[in-house]
Structures are given as structure tokens and as C-alpha cells.
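>
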Amino acid sequence: MSMEDYDYLFKIVLIGNAGVGKTCLVRRFTQGLFPPGQGATIGVDFMIKTVEIKGEKVKLQIWDTAGQERFRSITQSYYRSANALILTYDITCEDSFRCLPEWLREIEQYANNQVVTILVGNKIDLAEKREVLRQRAEDFAEAQSMLYLETSAKESDNVEKLFLDLACELIREAKQNKLDNNDTAPMPGEGKTISYLSCCSLN
Amino acid sequence: MAAEDLPSEFDVVILGTGLAESVVAAACSRVGQRVLHLDRKSYYAANWASFTFNGLLTWIQQHHESQPEEVQDWSSLLQEGEELIYLSTSDSASISNLQVFCFTSEEDEEEEAQSPDPPNTTEEETVVDDEDAVKETPETESADSKDEETKEKPEESADEEEAGQASHLEGEEPKADKPCPSTAQSQSEATRKKISYAQLVKEGRRFNIDLVSKLMYSRGSLVDLLIKSNVSRYAEFKNVTRILTYRHGNVEQVPCSRADVFASRQLSVVEKRKLMRFLTSCLEETEEQHAYNGRPYLEYLRDQQLGDNLQHFLLHSIAMVTEDTPTEVGLTSTRHFLRCLGRYGNTPFLFPVYGLGEIPQCFCRMCAVFGGIYCLRHSVHCLLVDKDTNRCKAVIDSRGQRISCSHFVVEDSYVAGERKKVATPTRFLSRAVLITDASVLPSDSDQQVSMVTVPPIAAGSPAVKMVELCPSTMTCMPGTYLVHLTCQSVGSAFEDLSPVVTRMFHTPESHDQEKCPSVLWCLYFNMADGSEAEVEGHDLPSNMYLCSGPDGGLGHDHAIRQAELIFQKILPEDDFCPPAPNPEDIIYDGENTSPSAGEEERGGTEERQEGEEEEEEEEEEKQNLQTEE
Numbered sequence: 001m002s003m004e005d006y007d008y009l010f011k012i013v014l015i016g017n018a019g020v021g022k023t024c025l026v027r028r029f030t031q032g033l034f035p036p037g038q039g040a041t042i043g044v045d046f047m048i049k050t051v052e053i054k055g056e057k058v059k060l061q062i063w064d065t066a067g068q069e070r071f072r073s074i075t076q077s078y079y080r081s082a083n084a085l086i087l088t089y090d091i092t093c094e095d096s097f098r099c100l101p102e103w104l105r106e107i108e109q110y111a112n113n114q115v116v117t118i119l120v121g122n123k124i125d126l127a128e129k130r131e132v133l134r135q136r137a138e139d140f141a142e143a144q145s146m147l148y149l150e151t152s153a154k155e156s157d158n159v160e161k162l163f164l165d166l167a168c169e170l171i172r173e174a175k176q177n178k179l180d181n182n183d184t185a186p187m188p189g190e191g192k193t194i195s196y197l198s199c200c201s202l203n
Numbered sequence: 001m002a003a004e005d006l007p008s009e010f011d012v013v014i015l016g017t018g019l020a021e022s023v024v025a026a027a028c029s030r031v032g033q034r035v036l037h038l039d040r041k042s043y044y045a046a047n048w049a050s051f052t053f054n055g056l057l058t059w060i061q062q063h064h065e066s067q068p069e070e071v072q073d074w075s076s077l078l079q080e081g082e083e084l085i086y087l088s089t090s091d092s093a094s095i096s097n098l099q100v101f102c103f104t105s106e107e108d109e110e111e112e113a114q115s116p117d118p119p120n121t122t123e124e125e126t127v128v129d130d131e132d133a134v135k136e137t138p139e140t141e142s143a144d145s146k147d148e149e150t151k152e153k154p155e156e157s158a159d160e161e162e163a164g165q166a167s168h169l170e171g172e173e174p175k176a177d178k179p180c181p182s183t184a185q186s187q188s189e190a191t192r193k194k195i196s197y198a199q200l201v202k203e204g205r206r207f208n209i210d211l212v213s214k215l216m217y218s219r220g221s222l223v224d225l226l227i228k229s230n231v232s233r234y235a236e237f238k239n240v241t242r243i244l245t246y247r248h249g250n251v252e253q254v255p256c257s258r259a260d261v262f263a264s265r266q267l268s269v270v271e272k273r274k275l276m277r278f279l280t281s282c283l284e285e286t287e288e289q290h291a292y293n294g295r296p297y298l299e300y301l302r303d304q305q306l307g308d309n310l311q312h313f314l315l316h317s318i319a320m321v322t323e324d325t326p327t328e329v330g331l332t333s334t335r336h337f338l339r340c341l342g343r344y345g346n347t348p349f350l351f352p353v354y355g356l357g358e359i360p361q362c363f364c365r366m367c368a369v370f371g372g373i374y375c376l377r378h379s380v381h382c383l384l385v386d387k388d389t390n391r392c393k394a395v396i397d398s399r400g401q402r403i404s405c406s407h408f409v410v411e412d413s414y415v416a417g418e419r420k421k422v423a424t425p426t427r428f429l430s431r432a433v434l435i436t437d438a439s440v441l442p443s444d445s446d447q448q449v450s451m452v453t454v455p456p457i458a459a460g461s462p463a464v465k466m467v468e469l470c471p472s473t474m475t476c477m478p479g480t481y482l483v484h485l486t487c488q489s490v491g492s493a494f495e496d497l498s499p500v501v502t503r504m505f506h507t508p509e510s511h512d513q514e515k516c517p518s519v520l521w522c523l524y525f526n527m528a529d530g531s532e533a534e535v536e537g538h539d540l541p542s543n544m545y546l547c548s549g550p551d552g553g554l555g556h557d558h559a560i561r562q563a564e565l566i567f568q569k570i571l572p573e574d575d576f577c578p579p580a581p582n583p584e585d586i587i588y589d590g591e592n593t594s595p596s597a598g599e600e601e602r603g604g605t606e607e608r609q610e611g612e613e614e615e616e617e618e619e620e621e622k623q624n625l626q627t628e629e
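Protein sequences, first through last, are from chains A and B.
Taking UniProt numbering, the leading residue of the first sequence gets 1, the next gets one more, and so forth.
Taking UniProt numbering, the leading residue of the second sequence gets 1, the next gets one more, and so forth.
#1: Look up B:Q253 in the DSSP assignment and say whether it is helix, strand or coil.
#2: If we define contact as Cβ-Cβ less than 9 Å, is A:G43 a contact residue for chain B?
#3: Is B:H248 buried or exposed, if buried means 16 or more other CB atoms sit within 10 Å of its CB?
#4: Looking at the secondary structure, which residues open and close the alpha helix (DSSP H) in which B:H336 lies?
#5: Using a Cβ-Cβ distance cut-off of 9 Å, determine whether B:L376 contacts chain A.
#6: Between A:M47 and chain B, is any beta-carbon pair separated by less than 9 Å?
#7: Contact criterion: CB-CB distance below 9 Å. Does A:T92 meet it with respect to chain B?
#8: Roughly how many angstroms lie between the CA atoms of A:V116 and A:D5, to the nearest whole one?
#9: In its own chain, which residues sit with a C-beta less than 6 Å from the C-beta of B:N230, not counting the 5 before and 5 after it?
#10: Could you tell me the alpha carbon to alpha carbon distance between B:P296 and B:Q305, rounded to whole angstroms?
#11: If A:G16 and A:W103 are in contact, beta carbons under 8 Å, what's the gap, nearest whole angstrom?
#12: Can you tell me whether A:C137 is buried or exposed? The criterion is at least 16 other CB atoms within 10 Å of its CB, across all chains shown.
#13: Under the assumption that B:I195 contacts B:T104 (Cβ atoms under 8 Å), give the Cβ distance between them as a whole number of angstroms.
#14: Closer than 9 Å, CB to CB, is A:G67 near chain B or not?
#15: Is it right to say A:V177 is buried, meaning 16 or more other beta carbons lie within 10 angstroms of its own, or is it exposed?
#16: Take B:T347 and list the residues in its own chain whose beta-carbon comes closer than 8 Å to its own, dropping the five residues that flank it on each side.
#17: Who are the near neighbours of B:C476 in its chain, counting only those whose CB is closer than 7 Å to its CB and skipping five residues on each side?
#18: Taking CB distances under 9 Å as the criterion, tell me whether B:R365 reaches chain A.
#19: Considering only their Cβ atoms, is the gap separating B:A368 from A:A66 smaller than 9 Å?
#20: Whole angstroms are fine: how far does the CA of B:F237 sit from the CA of B:V449?
#21: Counting C-beta neighbours from all protein chains within 10 Å, is the total for B:S157 16 or more, i.e. buried, or is it exposed?
#22: Note down, in chain order, every chain A residue with its Cβ under 7 Å from the Cβ of B:G371.
#23: Using a beta-carbon distance cut-off of less than 7 Å, what residues from the stretch 343 to 367 of chain B approach chain A?
#24: Please decide whether B:A438 counts as near chain D, where near means a Cβ-Cβ distance under 9 Å.
#25: Excluding the 5 residues flanking B:G330 on each side, which residues of the same chain have their C-beta closer than 6 Å to its C-beta?
#26: Let me know the alpha helix (DSSP H) ranges lying completely inside the stretch 45 to 83 of chain B, each 4 residues or longer, listed in chain order.
#27: Between the Cα of B:A528 and the Cα atoms of B:R277, B:S413 and B:K420, which residue gives the shortest distance?
#28: Between A:R72 and chain B, is there a C-beta pair that is closer than 9 Å?
#29: Out of A:Y78, A:N158, A:L170 and A:I124, point me to the one whose CA is closest to B:I359's CA.
#30: How big is the Cα-Cα spacing for B:L279 and B:S472?
#31: Taking A:F46 as the reference, which of A:E52, A:K54, A:F34 and A:L25 has the closest Cα?
#32: Taking the continuous beta strand (DSSP E) assigned at A:Y148, which residues delimit it?
#33: List, in order along the chain, the chain B residues whose C-beta lies closer than 8 Å to that of A:S77?
#34: Considering only the beta carbon of each residue, do B:I560 and B:V13 sit closer than 9 Å?
#35: Does the beta-carbon of A:Q31 have 16 or more other beta-carbons within 10 angstroms, so that it is buried, or is it exposed?
#36: Hey, A:F10 and A:L147: beta-carbon distance below 9 Å or not?
Written out as C-alpha cells, the structure is:
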């Protein structure tokens, strides 16, 4: 089918409180835009960007929350087949940092065990308003064995790095898995979407 | 919960996140309506939900101690010419007769074979118990024999495998779907020791236990809608791999596709020929069939001289009707079954990975993507109704906020009984959920998804539909199977279904059944049958529509039909769930300052996609012909 134009396909899912800049990060990365025009996200499910890493084409499918985080009502199915999660908070908003344990509980409950999680402190362009010290966030991330990165979607700081680092990590894991060949537990994504379900399996 | 208030004006307010409500939400939002979608529960999908094992335990507990909310007086919010209608504050009526049984030991019996998990779920040490932990001898035996059987599994070829199992089984096993070697291995390791209750709890998040048990007909209205709307992209599906039936105390595979029929070893050559001829002939309406209208399908089948075997398969497993079902109804369901064959696999059914509870959520996601606002743990307490027009102008939510709306859609358990037109005494469904340690019909692949039809085991007993799910459906932990039983209630769920469970499985009550899978844990409950509920005609405002809870049908047609009907009442001019744009085709305007490392992907894929679909369609048609010939 149309699988030929890349070597890897990864689903990356953004989570975190409303207003921390999730959509801005995605739009900055996929389109180089800031701020993303309002209303532009209506009807947009996920964004796609293909990057090249060490000669391999990696297609990143980046999913946003569609606003369901506003009242803490994200569907479980949103987490299901994610390869990576970007847990985002706003460095100028203590509250968004304090909610992180709650988000981690959701991840543990619904996301796949092997999911790669990265913690992102966004809005470093507003350094003078910072409420969450870098060290605190780093300690928290380390305790939860997550990667940590601070970004500015507005200034485009570290945005590229965020997604490329994730892609590298995902490739590394994918290769590792292939090597170990110990994918004993059925992996999410083992099922097929209707359009890809073979209609030719009649033997 | 977020302290933020909800916006106060919407076109459509929808209360309840069951399948029908969620489809209405997606459909309305998709064509530009401002939708507010609420549920009083902390989870999506109401009685269509699926739970982790621990989530299910919590659900059970909540039903044992259901507490009606306090009714508050909101009459101060009334405006000129309005009256209040209070909604029901308790929803306990739809679920009853909950009974739970645990037939496995509380703790681990001995050092267990660790299921091969990534470290983060297994890091806590399991409690190690001595040999003398509670365990029953027959169960240990069965576990041992299974041990032998599973140990050899991964290495053996399919043929040897079948021979090896012949002593266990009566029926033969036509070549099933490709076995998945990787998962088979994990299975064998995990089943070596009987799984304890502690393990079920520890691995609880690997379970996704549906409250309803249904399958998706591959040409049913749900699959058509998922494809049409592009909602299918939010979920993944597996084929149901085989149709089984329980007969003369044995589980047998029902040959239903052409390939199955040819491969079947339980049918004689004559039977094969007869079956193929019958399946081909019943696709067309004939004079002969008309002559049987109103008379039982069984009579028609008998007169086709098919013999007992085929008659059983056709009546119970293919038409899935009872002995007194009229011929025209029996033929219609036979045709539906046959039409669904071969679209995606060699049975007519699909099952969503992670369980059926995903489906309503997928429609909710679609609604949200088009701007719908979602709020769980939030309800509507009452409606403000214009006395003159009998229209609902606004609702008062659980925080006392007035939210105006043009239409109000609500799941029927939120509405007090006296306002509903209840035609017949409410019917109930009997449900049982079992966690077992083996398949009812072991085969060369342990990743089978089976639909099992169980005809009434005694006069007056209900016919039972059973679905057995394997771990690769992501609904149960490795080493277990999740079995759903459903029937129309005659008595309580336990009365209706436990006789079937004791016959087909090994439980402390069953005798002489060491070869059967052991039940580790089971739950019985009754659920109101939504099939009789009406969308309109109640003593309610004219712009308010009721959605029923789940119905007892195997497919999803009832809920989808209801959703479409409600959508047409709200928006008679609009298209129902037109395809959402493919994200890969959306071309953004504005300057593209794509960074150097990446290359922007945009547009250009639509044509290819469409081309593919057409191809697929053609291929499907071909398949059909092959199957139906």
C-alpha cells in the first residue's frame, strides 16, 4: 500500500494542561508557524512531518488533544497506539507543573508500556515569568525516568530538537526490539485499521 | 476538575457518552453545530464502556452502593414562561443482579513463571506463597496437562499440533488463521502456573472488559459508518477468526466460508455439496421460500434434506435464530451473514482492539476534532422548557449554570420513568464475563477470536451468544481468555448463564470437566435491553431526543439507526457523518518556513488513497463472488 515512502512511522501524542502550548509546538514544528491561527485546528486530527535521520526517512504522525484536556476528558483511545508521549507544561504556570502526576497516572493506565515519554517545559521565552525552576523539573523527570527538555514554540527554541531527539530514540528502540525479537506481548498496532484489513485473507 | 466554567450557549447539548449519543455528537459537530457533550461518570461510553480489571472492580463496587445525588432546587433560575423538568439523579436501574465469583487462589501458588513483560509493570515483587495455598486438585491436574500441551506448541508444525490435540478435542480444526508465533510463546510460558487473583489485579490494566458484548458485522451499519466518516482511523480491528458452536457437549467449528467448507473434516462430501448448494440458493429469493413465510425456518431447513449437522449450523450459528423463528426472518439473517463473509476475513465479524468501549470514544474524538466540547463527571440536573412551544430552551448543569441549547439529546437512563412511554415491560439482558485459562477449542494458534453459539441447553432456556477473546485483542492478559456470554433474560443472569458456564468450563461446581478451560474469575449481571426504547413520543419537550442503552443484538445496527434518526430530526438537510478530511491532504495557507532537517509533507495523497479504496472495493466484490458462488 502507501507504506513505501518512509522507513519508520511513529505516532507521537501530546498531553498536558490546556494552554501550555501543545498546539503551538506541533504547528511550529510541522509548519514553522507561530502563533497558529485560531480555528485552524478545527477538523485537523493530526499533523504529519517526514524527517530524515541518518539517511532513514521517518514519518512522524503528531496528535493533539482536540481540546478534550480542557475539562479533563481525554478519551483513553487517544493514548492507545502512541509510540511516544510529549507531556507538556508551562514553565510560567506552577499549576500546569503540579498536574503532571495526574497526567502520569493516565499514561500508566492507558498508554502502552513501551511508550517513550518526554517532559517538556514550554514558554522559555517568558523567562522573567518563570514559576518552575529548571532543576525541579529535571529532578521530577529523572525520578520518573523521562527525558526533559525546555522549549519555546514562539522562538522556535529546541522545538526541532524535541521532535528529532524523539525520533532518534524511537528508531533506537525499534531497532533494539527487532534485535531482541522479544515482542512477546502483543504490541499495540498489531490490529489493523479497517482500510488496511486484508480483504484477501480468504484461503 | 477544571475550575473553568463551560461556555453558556450551544446548538446541541448531549448527555451520556454511549454509542448512539456519541455518533450523534460526531455527526452534529462534523457539520458545524456547536456541541456540548457531557457524562455524569468519570469514564466514557456509559453502559458501552470497557474497564481494566481494577476499573471493573470499582464499577461493581459502585453499583453495590449506588448513591442518588441530592436533588437541588433550581427554580430560582426560571425565567418568564418557563417550567422545569428534573432529570433522574440515579442510574442504578439499568444494571442489576451483580454477582462475582473468584475461583482462583488469592495469592500466587508458587514462584510463578514471570510473564515476559517490560520491567515497568513487573517491578513490584509478587507475593510468593507456599505449595499449600488454596487450590483444588482437579484444577491442578488440568493445569498440568495443559502444561504439556503448551510446551510443545511453538516448535511443532500445525499438522502435528492437530494430531497432538486430538485426544483433547472432538471436532477437527480446519486450518485457521495464521498463528502468531511470538504471542504463542508468551502464552505457553504464562499458562504453566495457574494465574492467581493477585496476578489478575497486578496485570489488571491489560484487561479491557466490555459491559456489552457485540461484534461488528463487516457489512453492518457501524463498519459502513466508520469507513464513511473516517472515524475508523482512531481504532484498530481484528478479525473474528472462527465461528464455533456447542453441540452434544462438545465445541465444534462451524464451516461458514467456502474455504472452511472444503477444509472441514467433520462434514462428509455429500454434506459439503449440500451445504454449498444451500448457501448459494438462499441468496436469491425463490417461490419455494415464499411458501414458507410465517412458518418456522427450522421446517424449511428440514425440508431441504440437509441432515442434522447442517441444520444445526445453519439455524444456530449462521442465521443465529431459534427453532420457532419464521423462515423469512431466518433467511434474512442467513443472507446478512453470508454477505458479510470475506470482506475482511473468513468470518463475517470484526472486533476492535482494546474492546468495544473504544468505539463510542472514537466518535467523541471526531466530535472534539470539529470543535465539540467534552466534560466528564458533569451532568445536567434539569431542563428549562418554554411552556408555549414545549421546547427545551436551556439546561441547568450540575453546577447550576444555565446553558442554552436548540436541541437536547439524552441517554434514556437520565430520564425519570414516569415521563417515558414504556410500551412493554422492560426487558433485560443476562450477561456473564469470565476470565479463563484456556480456549474452549484449543487450536494451533492460541490467538483465536471466536464467536460461539450455544443453543438452548434445555427447553425454556435462552440461546446464548458467547464471544471468546484472546490476549492479542488487548482485552486480557497473556495466559488468559476473556469470555463474554449474553442472552435475553429469562431469570437472573446467574440463573440463565451459570448452567452454560458449568457445562462448558471447569468451575468448582462442574463435575468431570478437567479438560475444559478453568474459570479464574467471573461476573454475572443483568442490563436493561435498550432495543424497545423509542427516540420520540415521550412526555418530553419536542426538541429533546432519547437514546437507548445497549440492545441485545449481536451487531450495532440499533444504535446506529437511532443516531441517524436523531441526527435527521435535528438537521434534516445535512449529510450524516461525511468523511473527515485526511490530515495528510490538508494544505495550510500561510508561509511555510519549514526547517531544514525535515521535508514538509502536504497534499497529493488524496488521489492515491481514493484509487486504493476503489481497488479494494473491487477486490471485495470479487471476494464476495468467490464466497457466495
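All C-beta atoms, glycine included, are put in the ideal place defined by N, C-alpha and C.
Concretely, from the data shown:
#1: It is a strand residue.
#2: Judged by the 9 Å Cβ criterion, A:G43 is in contact with chain B.
#3: Exposed.
#4: Counting along the chain, the alpha helix (DSSP H) containing B:H336 begins and ends at T327 to C340.
#5: True, the Cβ-Cβ gap to chain A drops below 9 Å.
#6: Judged by the 9 Å Cβ criterion, A:M47 is in contact with chain B.
#7: Chain B places no beta carbon closer than 9 Å to that of A:T92, leaving this residue out of the contacts.
#8: A straight-line Cα-Cα distance of about 24 Å links A:V116 and A:D5.
#9: Cβ neighbours of B:N230 beyond the five flanking positions: P579 and A580.
#10: For the pair B:P296 and B:Q305, the Cα-to-Cα distance works out to about 15 Å.
#11: About 7 Å separates the two Cβ atoms, so the contact holds.
#12: Per the sequence shown, residue 137 of chain A should be read as Ala rather than Cys. Classification for A:A137: buried.
#13: B:I195 to B:T104, Cβ: 6 Å. Contact.
#14: Cβ-Cβ to chain B under 9 Å: yes for A:G67.
#15: Looking at the sequence provided, one finds Asn at residue 177 of chain A rather than Val. So A:N177 ends up on the exposed side.
#16: Within the same chain, N239, V240, T241, R242, I243, C256, S257, L341 and M451 come within 8 Å of B:T347 by CB-CB distance, once the 5 residues on both sides are set aside.
#17: If we look at B:C476 and ignore the five residues flanking it on each side, its Cβ neighbours are R206, F207, I435, L469 and L482.
#18: Proximity of B:R365 to chain A, defined by a Cβ-Cβ separation below 9 Å, is satisfied.
#19: Yes, they are a contact pair.
#20: Distance between the alpha carbons of B:V449 and B:F237 is about 11 Å.
#21: Unreliable positioning characterises B:S157 in this predicted model, as indicated by a pLDDT of 38, which lies under 50. The coordinate reading is nonetheless provided below. Classification for B:S157: exposed.
#22: Residues of chain A passing the Cβ test: I42.
#23: If the cut-off is 7 Å between Cβ atoms, the stretch 343 to 367 of chain B has R343, Y344, G345, N346, V353, Y354, E358, Q361, C362, C364 and R365 near chain A.
#24: As a matter of chain content, chain D is missing from the structure shown, whose protein chains are A and B.
#25: The residues are Y297, A319 and V321.
#26: List check, alpha helix (DSSP H) in window: 53 to 64.
#27: Nearest C-alpha to B:A528: B:S413.
#28: Residue contact with chain B for A:R72: present (Cβ-Cβ distance below 9 Å to some residue of chain B).
#29: Proximity to B:I359 across A:Y78, A:N158, A:L170 and A:I124 peaks at A:Y78, based on C-alpha coordinates.
#30: About 32 Å.
#31: Looking only at A:E52, A:K54, A:F34 and A:L25, the smallest Cα-Cα distance to A:F46 is reached by A:L25.
#32: Where A:Y148 is concerned, the enclosing beta strand (DSSP E) stretches over L147 to E150.
#33: Under the 8 Å cutoff, chain B gives Y234, A235, Y354, E358, Q361, C362 and R365.
#34: No, Cβ-Cβ distance for B:I560 and B:V13 is not below 9 Å.
#35: Burial call: buried.
#36: Taking a C-beta distance under 9 Å as the contact criterion, A:F10 and A:L147 do not qualify as a contact pair.
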